[in-house]
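Peer 1: Note that the sequence shown covers residues 40 to 425 in the numbering used here. We treat Cβ as the ideally placed atom computed from N, Cα and C, and that holds for glycine. Here the structure is a predicted model, which means the values were calculated and not measured.
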Amino acid sequence: MRTRILVVGGLGLVASTYGLVRLAYGLFLPDVQRDLGFGADVGGAVSSAASVLYCVGAVVGFLLAGRAARWLVLGAALTAGAGAIVMAASPTTPVFGASAVVASTGAGLASPAMVQLVAGRVDGAARDRAQAVVNSGTGPGLVAAGLLALVLLPDWRTAWTVAGVLTLLVGAVVFLAARPTRRAVTSGRPARPVLPGRSWFGAQVVPVVVALLFGAGSAAVWTYGRSALVGAGVPSASTVVAWIVLGVGGASVAGTARWTSGVPAARTWSLTTTLAAVAVLALGLLPHLVAPALMACALFGWGYTAATGALIAWTTEIDQQHAAAGTALLFVVLVAGQALGAAAAGAAVGRVGTATTFTAAAAVVAVAAGAPLLVARRSLRSVPSR
40 MRTRILVVGG LGLVASTYGL VRLAYGLFLP DVQRDLGFGA DVGGAVSSAA SVLYCVGAVV
100 GFLLAGRAAR WLVLGAALTA GAGAIVMAAS PTTPVFGASA VVASTGAGLA SPAMVQLVAG
160 RVDGAARDRA QAVVNSGTGP GLVAAGLLAL VLLPDWRTAW TVAGVLTLLV GAVVFLAARP
220 TRRAVTSGRP ARPVLPGRSW FGAQVVPVVV ALLFGAGSAA VWTYGRSALV GAGVPSASTV
280 VAWIVLGVGG ASVAGTARWT SGVPAARTWS LTTTLAAVAV LALGLLPHLV APALMACALF
340 GWGYTAATGA LIAWTTEIDQ QHAAAGTALL FVVLVAGQAL GAAAAGAAVG RVGTATTFTA
400 AAAVVAVAAG APLLVARRSL RSVPSR
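Structural data, given as structure tokens:
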């Protein structure tokens, strides 16, 4: 029973730290900007700094998960939950920005902690299913954030307060459910992570580069996706529905996994990121057309989530023994790319406009999609024929 609570609570922790707090920043941004009076450049800088601190949290989580996963859960809930509550009460832009940056750390701490807790308490085939359930939380979290916005906006302060309280409550449930079991006590001291060798890092070059590019290109949607719709004159309720559709697209990956699981990871990556590039371009050029914009949001949600799954499969294909280390590396690089992309998009939107900014972002995502195919083609050409 406790294991089931742990898994369901873990899904809720991922949903809250990612969907309700970290990624909901772009959802509430237009209303926050209106009330606190800051521009797109400041919004992009805050998003960029939040991505950097997410990376710090993910690295800390990777290093400490084997020894203190339960306490990492507590840290994730406190940073994300309390950060969201301070965001809600912020009287000025600096206070809001600083609390948003701190709140983003929670998502970085949550993922490695939950991977470790599930691995230590669930056996066999059930373990893989449990990991999949927990890691699917981002999509439902985005949907929950959208529903919250649909009910409460333009009162973003109450929305952030509710998100923060829910995050603290879910974190408490997971913390209590993760109390050491007899199995955990008798299994001895947790092993420290074994770092891979130099050749392993060399094999990760291509996925690292494309993950960085994809993160940079996708940041335009996560930070300014709703702002683009608002700026195009789309009714506020429809812009929130678009965010909900984005979350539904991400959640639908669970239903399409059986078709993508048998495909080589690099090929899956190219497919999913190509569709994401199309979605980014559509949002940039057609934000005033509600139906195409909604379709683009659903497509981006699916493409982004499926692409992150392809990264996990890709590094697992390279070296299954160090799949956890590879996943941590690629996700940190992905979010580091988002930090760069958010800052660049924030500087560009005010100067060249949304359409040009999103077109450039789509081009970056397209490069990330095509790079593995070019590398594979060059590798085939380099093989001598008999």
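Three or more beta-carbon pairs under 8 Å between the region 151-163 and the region 99-114, yes or no?
Peer 2: Short answer: they touch.
Peer 1: Can you tell which of Gly-51, Ala-63 and Pro-411 has its C-alpha closest to the C-alpha of Val-244?
Peer 2: Position 205 of the sequence shown, counted from the first residue, corresponds to residue 244. Out of Gly-51, Ala-63 and Pro-411, Pro-411 has the C-alpha closest to the C-alpha of Val-244.
Peer 1: Within the continuous alpha helix (DSSP H) that includes Asp-80, where are the two ends?
Peer 2: Position 41 of the sequence shown, counting from 1, holds the residue named residue 80. Per DSSP, Asp-80 belongs to the alpha helix (DSSP H) from 79-128.
Peer 1: Can you tell me where the alpha helix (DSSP H) holding Thr-307 begins and where it ends?
Peer 2: For the purposes of this step, residue 307 is taken as residue 268 along the sequence shown, with counting starting at 1. Note, Thr-307: alpha helix (DSSP H), 304-324.
Peer 1: Of all the options Ala-383, Ser-238 and Ala-305, which has the alpha carbon lying nearest to the alpha carbon of His-361?
Peer 2: Stepping through the sequence shown from its first residue, residue 361 is reached at position 322. The option with the nearest alpha carbon to His-361 is Ser-238.
Peer 1: With a Cβ-Cβ cutoff of 9 Å, do Gly-65 and Trp-261 count as a contact?
Peer 2: In the sequence shown, residue 65 corresponds to position 26, counting from 1. In the sequence shown, residue 261 corresponds to position 222, counting from 1. In contact: Gly-65 and Trp-261 (Cβ atoms closer than 9 Å).
Peer 1: Which residue marks the beginning of the alpha helix (DSSP H) containing Gly-51, and which one marks its end?
Peer 2: For the purposes of this step, residue 51 is identified with residue 12 of the sequence shown, where counting begins at 1. Element bounds for Gly-51: 41-53.
Peer 1: Can you tell me whether Val-391 is buried or exposed, with buried defined as 16 or more other CB within 10 angstroms of its CB?
Peer 2: The residue labelled residue 391 in the question sits at position 352 within the sequence shown. Result: exposed.
Peer 1: Please go through the same chain and pick out, in chain order, the residues whose beta-carbon is closer than 6 Å to the beta-carbon of Gly-176, but skip the five residues on each side of it.
Peer 2: Here residue 176 corresponds to residue number 137 of the sequence shown, with the count starting at 1. The answer, listed in chain order, is Leu-50, Val-53 and Ala-54.
Peer 1: Among the residues of its own chain, which have a CB less than 6 Å from the CB of Ala-407, if the five just before and after it don't count?
Peer 2: Sequence index remark: in the sequence shown, residue 407 carries index 368 (1-based). Val-249, Leu-252, Phe-253 and Thr-312.
Peer 1: Among Pro-193, Gly-180, Trp-195 and Arg-218, whose alpha-carbon lies nearest the alpha-carbon of Thr-206?
Peer 2: For the purposes of this step, residue 206 is taken as the residue at position 167 of the sequence shown. The candidate whose alpha carbon is nearest that of Thr-206 is Gly-180.
Peer 1: For Met-126, does the count of other Cβ atoms within 10 angstroms reach 16, so buried, or fall short, so exposed?
Peer 2: Position 87 of the sequence shown, counting from 1, holds the residue named residue 126. Met-126 should be labelled buried.
Peer 1: With DSSP collapsed to three states, give me the class of Gln-155.
Peer 2: Within the sequence shown, numbered from 1, the residue matching residue 155 stands at position 116. If DSSP states are grouped into helix, strand and coil, Gln-155 belongs with the helices.
Peer 1: When DSSP labels each residue in this structure, what does Leu-192 get in the three-state scheme?
Peer 2: Here residue 192 is taken as the residue at index 153 of the sequence shown, counted from 1. Looking at Leu-192 - three-state DSSP - the assignment turns out to be coil, as it is neither helix nor strand.
Peer 1: Mind checking Thr-278: buried by the 16 CB within 10 Å criterion, or exposed?
Peer 2: Within the sequence shown, residue 278 is the residue found at index 239, counting from 1. It is buried - the Cβ of Thr-278 has at least 16 other Cβ atoms within 10 Å.
Peer 1: Are at least three pairs of beta-carbons, each pair with one atom in the region 334-342 and one in the region 280-287, less than 8 Å apart?
Peer 2: Touching, per the Cβ criterion.
Peer 1: Helix, strand or coil for His-361, going by three-state DSSP, please let me know.
Peer 2: One-based indexing of the sequence shown puts residue 361 at position 322. Three-state DSSP puts His-361 in a helix.
Peer 1: Kindly indicate which three-state DSSP category Pro-219 falls into: helix, strand or coil?
Peer 2: Residue mapping note: residue 219 aligns to position 180 of the sequence shown, counting from 1. Of the three classes helix, strand and coil, the one that applies to Pro-219 here is coil, per DSSP.
Peer 1: Leu-117: which of Leu-59, Ala-383 and Thr-144 sits nearest, CA to CA?
Peer 2: As a working note, residue 117 is residue 78 in the sequence shown. The shortest Cα separation from Leu-117 among Leu-59, Ala-383 and Thr-144 belongs to Thr-144.
Peer 1: Under three-state DSSP, which class holds Val-161?
Peer 2: In the sequence shown, the residue the question calls residue 161 occupies position 122. Val-161 falls in the coil class under three-state DSSP.
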